[in-house]
Amino acid sequence: MARGSGWLKRAVTGACVALLVVILGGCSFFGGGPQSVNHPAGSNMQTIWNLFVPIFWMSVVVFAIVQGVLLYSVIKFRRKPGSPEPYPTHGNTKLEITWTIIPALVLAVITVPTIATVTDFAKKPDTGITVQVVGHQWWWEFDYPGEQVVDADEMHVPIGVPVYVELRSDDVIHSFWIPKLAGKQDVVPNQHNHLWFTANELGTFRGQCAEFCGEQHANMAFTVVVQSQADYDAWLAHNKAPAVAIPSSNDLAMKGQQVFFTAGCVGCHTISGMEVNGVKALGDVGPNLTHVGSRTAIAGEVLPLTQENLAKWVHNPQAVKPGTLMPNLGLTQEQANQVAAFLESLK
Amino acid sequence: MAQVTTTQQGAQYRRSIIWEWITTVDHKKIGILYLFTSLFFFLIGGILAMMIRTQLIVPDNTFLGPATYNEVFTMHGTIMIFLAVMPLNAAFFNFLIPLQIGARDVAFPRLNAFSYWAFLFGGLLILSSFLFGAAPNAGWFGYANLTTLTYSPGINVDFWIFGLQILGIASVASALNFFVTIINMRAPGMRMMRMPVFTWMSLVTAVLLMLAIPSLTIGLVELTFDRYFGTLFFEPNAGASVVLWQHLFWIFGHPEVYIMVLPPFGMISEILPTFSRKPLFGYPFVVYSGIAIGFLSFGVWAHHMFAVGLGPVANSVFATTTMLIAIPTGVKIFNWLGTLWGGSIVIKTPLLFAAGFVGMFTIGGISGVMHASVPVDYWQTDSYFVVAHFHYVLFGGSLMAILGGIYYWYPKMFGRMMNDKLGKIHFWTVLIAFNMTFFPMHFLGIDGMPRRIYTYPDGMGWNFWNMEESIGAYFLGLSMLLFAYNFIHSLRSGEIAPADPWDGRTLEWSIPSPPPAYNFAVVPTVTSRDEFWEMKYGSNEQTADQKTNLNPTVEDERHIHLPPPSYFPLIAAGGLLGMGAGMVMHGDGMAVSWYIFGAGILVLAFGLFGWSFEPNH
Numbered sequence: 003m004a005r006g007s008g009w010l011k012r013a014v015t016g017a018c019v020a021l022l023v024v025i026l027g028g029c030s031f032f033g034g035g036p037q038s039v040n041h042p043a044g045s046n047m048q049t050i051w052n053l054f055v056p057i058f059w060m061s062v063v064v065f066a067i068v069q070g071v072l073l074y075s076v077i078k079f080r081r082k083p084g085s086p087e088p089y090p091t092h093g094n095t096k097l098e099i100t101w102t103i104i105p106a107l108v109l110a111v112i113t114v115p116t117i118a119t120v121t122d123f124a125k126k127p128d129t130g131i132t133v134q135v136v137g138h139q140w141w142w143e144f145d146y147p148g149e150q151v152v153d154a155d156e157m158h159v160p161i162g163v164p165v166y167v168e169l170r171s172d173d174v175i176h177s178f179w180i181p182k183l184a185g186k187q188d189v190v191p192n193q194h195n196h197l198w199f200t201a202n203e204l205g206t207f208r209g210q211c212a213e214f215c216g217e218q219h220a221n222m223a224f225t226v227v228v229q230s231q232a233d234y235d236a237w238l239a240h241n242k243a244p245a246v247a248i249p250s251s252n253d254l255a256m257k258g259q260q261v262f263f264t265a266g267c268v269g270c271h272t273i274s275g276m277e278v279n280g281v282k283a284l285g286d287v288g289p290n291l292t293h294v295g296s297r298t299a300i301a302g303e304v305l306p307l308t309q310e311n312l313a314k315w316v317h318n319p320q321a322v323k324p325g326t327l328m329p330n331l332g333l334t335q336e337q338a339n340q341v342a343a344f345l346e347s348l349k
Numbered sequence: 080m081a082q083v084t085t086t087q088q089g090a091q092y093r094r095s096i097i098w099e100w101i102t103t104v105d106h107k108k109i110g111i112l113y114l115f116t117s118l119f120f121f122l123i124g125g126i127l128a129m130m131i132r133t134q135l136i137v138p139d140n141t142f143l144g145p146a147t148y149n150e151v152f153t154m155h156g157t158i159m160i161f162l163a164v165m166p167l168n169a170a171f172f173n174f175l176i177p178l179q180i181g182a183r184d185v186a187f188p189r190l191n192a193f194s195y196w197a198f199l200f201g202g203l204l205i206l207s208s209f210l211f212g213a214a215p216n217a218g219w220f221g222y223a224n225l226t227t228l229t230y231s232p233g234i235n236v237d238f239w240i241f242g243l244q245i246l247g248i249a250s251v252a253s254a255l256n257f258f259v260t261i262i263n264m265r266a267p268g269m270r271m272m273r274m275p276v277f278t279w280m281s282l283v284t285a286v287l288l289m290l291a292i293p294s295l296t297i298g299l300v301e302l303t304f305d306r307y308f309g310t311l312f313f314e315p316n317a318g319a320s321v322v323l324w325q326h327l328f329w330i331f332g333h334p335e336v337y338i339m340v341l342p343p344f345g346m347i348s349e350i351l352p353t354f355s356r357k358p359l360f361g362y363p364f365v366v367y368s369g370i371a372i373g374f375l376s377f378g379v380w381a382h383h384m385f386a387v388g389l390g391p392v393a394n395s396v397f398a399t400t401t402m403l404i405a406i407p408t409g410v411k412i413f414n415w416l417g418t419l420w421g422g423s424i425v426i427k428t429p430l431l432f433a434a435g436f437v438g439m440f441t442i443g444g445i446s447g448v449m450h451a452s453v454p455v456d457y458w459q460t461d462s463y464f465v466v467a468h469f470h471y472v473l474f475g476g477s478l479m480a481i482l483g484g485i486y487y488w489y490p491k492m493f494g495r496m497m498n499d500k501l502g503k504i505h506f507w508t509v510l511i512a513f514n515m516t517f518f519p520m521h522f523l524g525i526d527g528m529p530r531r532i533y534t535y536p537d538g539m540g541w542n543f544w545n546m547e548e549s550i551g552a553y554f555l556g557l558s559m560l561l562f563a564y565n566f567i568h569s570l571r572s573g574e575i576a577p578a579d580p581w582d583g584r585t586l587e588w589s590i591p592s593p594p595p596a597y598n599f600a601v602v603p604t605v606t607s608r609d610e611f612w613e614m615k616y617g618s619n620e621q622t623a624d625q626k627t628n629l630n631p632t633v634e635d636e637r638h639i640h641l642p643p644p645s646y647f648p649l650i651a652a653g654g655l656l657g658m659g660a661g662m663v664m665h666g667d668g669m670a671v672s673w674y675i676f677g678a679g680i681l682v683l684a685f686g687l688f689g690w691s692f693e694p695n696h
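Chains as they are written, first to last, in this note's numbering: chain A, 3 to 349; chain B, 80 to 696.
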């Protein structure tokens, strides 16, 4: 018997060590990515993480008890030659009541902060800025009400200021998610959803659509740029201004401008303050391109914004992002290069 | 078996084997048909899973394009839920419930056959979409308004709608049948609180099916009208709230989770006592917690919708009810541990799977409590954390138990044993490969990887675990091939099974393996829970001969009334298939579609008419 229990002790110790290795191994293998939530950079996600950590440790305790009892029973009570028949216990009411009440108490402990946090998240902050987010198949539009700034796939916010996000959808259901800053909120057509967060770290943070929204759901990402108040104000001022004039020295861009205003691009895109031969670009189906050259990525973050990538994109959108709603306008490679140079110059 | 069918009901000619299976109304044969069909569908669902993991094995992979990937993950979910786990449970309902309650068949044997054929045809209708290159692609949950004609113009969604409608009819008919069977067909003395727990959990499941499926049906009817007749149920521009679909879907969809997991709870509650050689610990608590889960399962649906924007009050209420449902689930887990504790545990394959179920399902239950906390769910929902969670519930839970159930009842079904050594290798490889595949999905959830994306860029920190998970998935696939080999090989070459190979406790072990067509030569009179165990080891006075020959076969079976075979259920189900196919064709604009639909109605009417006027003795 003594020998048996020594073996058992070793087995249990071994299992515990293995478990610890797995948990620690896991820890070193996650947490470093641009969308990892365990080092939040925004108030909303920080609150969630602070709520999750105690729930996680309670879970570890429950996990250890159940798996421990399970392994112990299966090893300890396994049938050996000459084992006596077990006593046919039918149950124990006191035990039943105990293991009903204890989990109920644990769950009650989780429920209280849960409800408090839900209520807090639903409030509108008294100060801060408001950003209107519109989900489109498959890109994001960011409107700054009162500022006449409309941006795509790139959201700028000042640090330390509550950001109240109003969510609208232009087509199907999407879900707005910036993992490091805030939890998700669905973007539902015909419904006014919102969330708020305060960014407390400078830098760029990747966000992504989290509700399946059709063929290119995977490529509906965006970047949140958290800036100092001064940088943010400068960005706003720059983007409020109409499009910059194309320097006539940039021959390629000048040609691209002509192509852009004649090939049909203006049916879907806006470039404010620009007019070519009486044609204005006022389309509101696709992203606003007034300052597209100052962004970092195109097509829902499929490609980094470079002149070469822009050419690839306008030449054959389907090859870059199969299923995209941007039509192939049949531009020649030369025309595509010209349009790319034009767009790239719209800083 | 052969002489049974030839003499059955005085039929004087010998039918071919195929005709015998096509016209059978024997619950055991229908159970076996369900088993083979759903294992075939499970294989297809598994192949789709391998395709998903292959696409995600490296960043920016081009193995499947976005359109194909969306079809593959939609079909993987749809098949695994509607065509694998649910009908695998139905296989056990069919085979076991009459045997466990001491009945000779189900209440409505021909309706039972109809359920099977409707299930088969509904499944084939959905699967046939692959042949037309138009597999459903809007997710198994099919959120409106992505499914409306504007955003899903092809017939992909139409296959999904009409396949599911036919499957829904099959499920409700089957649930009604088992509900009536369990209430009305119990052997004398088989009081409710003496019923085996598998039968109890099946009863709760039957109620859930009857109440939950209609909600899905309504949603699908509305979607059909939107797509075919221009109604505006899910058209936001006309003022519709697309969230209506989500309510209808999840009022079905959450009970559905328990529809998939309660019968496995029942299987575990049979396997653990048998191999611990001890009664189930806390039988009434296990039964009542099952009933409590059944009730509560209708009050938690909006926890699938925390991020939809229902408001803080609704979210708080549904968080609380979700916390509540964890309590009876926990009670069950503790009672299973109590059953093992102090037992004399025989380590055989079914016991390993049952113990594996307890361990793995607990992990899924714990992560479920995490999502119940609404703010935590704002992070975890629609991320890989949730993918990990429900695979622990449905694979680590349901399927582990079902595999254990197959090893356990296989000898009763086929009269042969599966190889225990191969079974144990299967168990350990499944356990390791399953955890390799799904545990790291928790890590990916922490790393912010969303669900249902066909690709991901490099540099997200997701490469390592995706690669590791895919390797785990291939390993899991290989392990299931071992199971397939064991299953098929044992049909012909397994050791001959005795009537009672595991020293069982319930009535199905008191009759020969496989059971005769009439099940019980003498309908037993039940005096206690674990009736068969009491017969064998109980205090009631019996001679040694009685104890070893508890339910002898009868010499002349013709005196036992059994329902005659019938092909009308097959015809009626075929009519449903015609109607479904006609509707899908109409979605494709084919002129002939209404004729096919009409022909389907006529065939259905003919089947039901023949069925109604068929002499049944």
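Note that beta-carbon positions come from the ideal geometry of N, C-alpha and C, so glycine has one too. What you are looking at is a predicted structure, and each value in this text was computed from that prediction instead of being measured.
Please list, in chain order, all residues of the same chain as residue i whose beta carbon is under 6 angstroms from its beta carbon, the five residues on each side excluded.
{"i": "Asn-339 (chain A)", "result": "Ala-313"}
{"i": "Gly-44 (chain A)", "result": "Leu-183, Ala-184, Phe-199, Ala-201"}
{"i": "Gly-218 (chain B)", "result": "Thr-153"}
{"i": "Ile-273 (chain A)", "result": "Ala-245, Ala-283, Leu-291, Thr-292"}
{"i": "Ile-775 (chain B)", "result": "Nothing about residue 775 (chain B) can be read from this structure; chain B reaches only from 80 to 696."}
Give the single residue among the options whose Cα lies nearest to the Cα of residue i.
{"i": "Leu-327 (chain B)", "options": "B:Glu-301, B:Tyr-307, B:Ile-338", "result": "B:Glu-301"}
{"i": "Ala-192 (chain B)", "options": "B:Phe-436, B:Ser-250, B:Trp-507", "result": "B:Ser-250"}
{"i": "Pro-391 (chain B)", "options": "A:Lys-126, A:Leu-345, A:Leu-238, A:Gly-70", "result": "A:Lys-126"}
{"i": "Ile-481 (chain B)", "options": "B:Ser-395, B:Pro-407, B:Leu-114, B:Ile-123", "result": "B:Leu-114"}
{"i": "Met-658 (chain B)", "options": "B:Ile-680, B:Leu-641, B:Val-671", "result": "B:Ile-680"}
{"i": "Ile-639 (chain B)", "options": "B:Ala-684, B:Thr-284, B:Asn-598", "result": "B:Asn-598"}
{"i": "Ala-317 (chain B)", "options": "A:Val-136, A:Arg-208, A:Thr-100, A:Asn-192", "result": "A:Asn-192"}
{"i": "Gly-476 (chain B)", "options": "B:Gly-435, B:Tyr-148, B:Gly-447, B:Asp-456", "result": "B:Gly-435"}
Can you list, in chain order, the residues of its chain with a C-beta nearer than 7 angstroms to that of residue i? Leave out the 5 residues immediately preceding and following it.
{"i": "Thr-576 (chain B)", "result": "Rather than Thr, the amino acid found at residue 576 (chain B) in this sequence is Ala. Answer for Ala-576 (chain B): Pro-490, Gly-494, Arg-495, Met-496, Ser-592, listed in chain order."}
If you measure between the beta carbons of residue i and residue j, is that distance less than 8 angstroms?
{"i": "Arg-531 (chain B)", "j": "His-196 (chain A)", "result": "no"}
{"i": "Pro-738 (chain B)", "j": "Thr-49 (chain A)", "result": "One cannot answer for residue 738 (chain B) here, as it falls past the ends of chain B, which runs 80 to 696."}
{"i": "Glu-203 (chain A)", "j": "Val-227 (chain A)", "result": "no"}
{"i": "Ala-467 (chain B)", "j": "His-521 (chain B)", "result": "yes"}
{"i": "Ala-254 (chain B)", "j": "Met-289 (chain B)", "result": "yes"}
{"i": "Gln-244 (chain B)", "j": "Leu-299 (chain B)", "result": "yes"}
{"i": "Ser-452 (chain B)", "j": "Leu-107 (chain A)", "result": "no"}
{"i": "Phe-79 (chain A)", "j": "Leu-419 (chain B)", "result": "yes"}
{"i": "Ser-558 (chain B)", "j": "Thr-508 (chain B)", "result": "yes"}
{"i": "Gly-422 (chain B)", "j": "Arg-356 (chain B)", "result": "yes"}
Taking the beta carbon of residue i as the centre, do at least 16 other beta carbons fall within 10 Å, making it buried, or is it exposed?
{"i": "Glu-693 (chain B)", "result": "exposed"}
{"i": "Asp-286 (chain A)", "result": "exposed"}
{"i": "Asp-624 (chain B)", "result": "A caution first: Asp-624 (chain B) carries a pLDDT of 47, below 50, which makes its placement in the model unreliable, though a value can still be read off. Result: exposed."}
{"i": "Arg-584 (chain B)", "result": "buried"}
{"i": "Pro-334 (chain B)", "result": "buried"}
{"i": "Leu-127 (chain B)", "result": "buried"}
{"i": "Asn-94 (chain A)", "result": "exposed"}
{"i": "Gly-332 (chain A)", "result": "exposed"}
{"i": "Ala-255 (chain A)", "result": "buried"}
{"i": "Ala-223 (chain A)", "result": "buried"}
{"i": "Thr-622 (chain B)", "result": "Reliability fails at Thr-622 (chain B), whose pLDDT of 46 lies under 50, so the model's placement of it is uncertain and the value that follows must be treated cautiously. The residue in question, Thr-622 (chain B), is exposed, as its Cβ has fewer than 16 Cβ neighbours within 10 Å."}
Should residue i be flagged as near chain D, meaning a C-beta pair shorter than 8 angstroms?
{"i": "Ala-552 (chain B)", "result": "No chain D is part of this structure, whose protein chains are labelled A and B."}
Given residue i, which residues of its chain have a CB within under 8 angstroms of its CB, disregarding the five upstream and five downstream residues?
{"i": "Leu-238 (chain A)", "result": "Tyr-146, Glu-149, Val-151, His-158"}
{"i": "Ala-321 (chain A)", "result": "Lys-314"}
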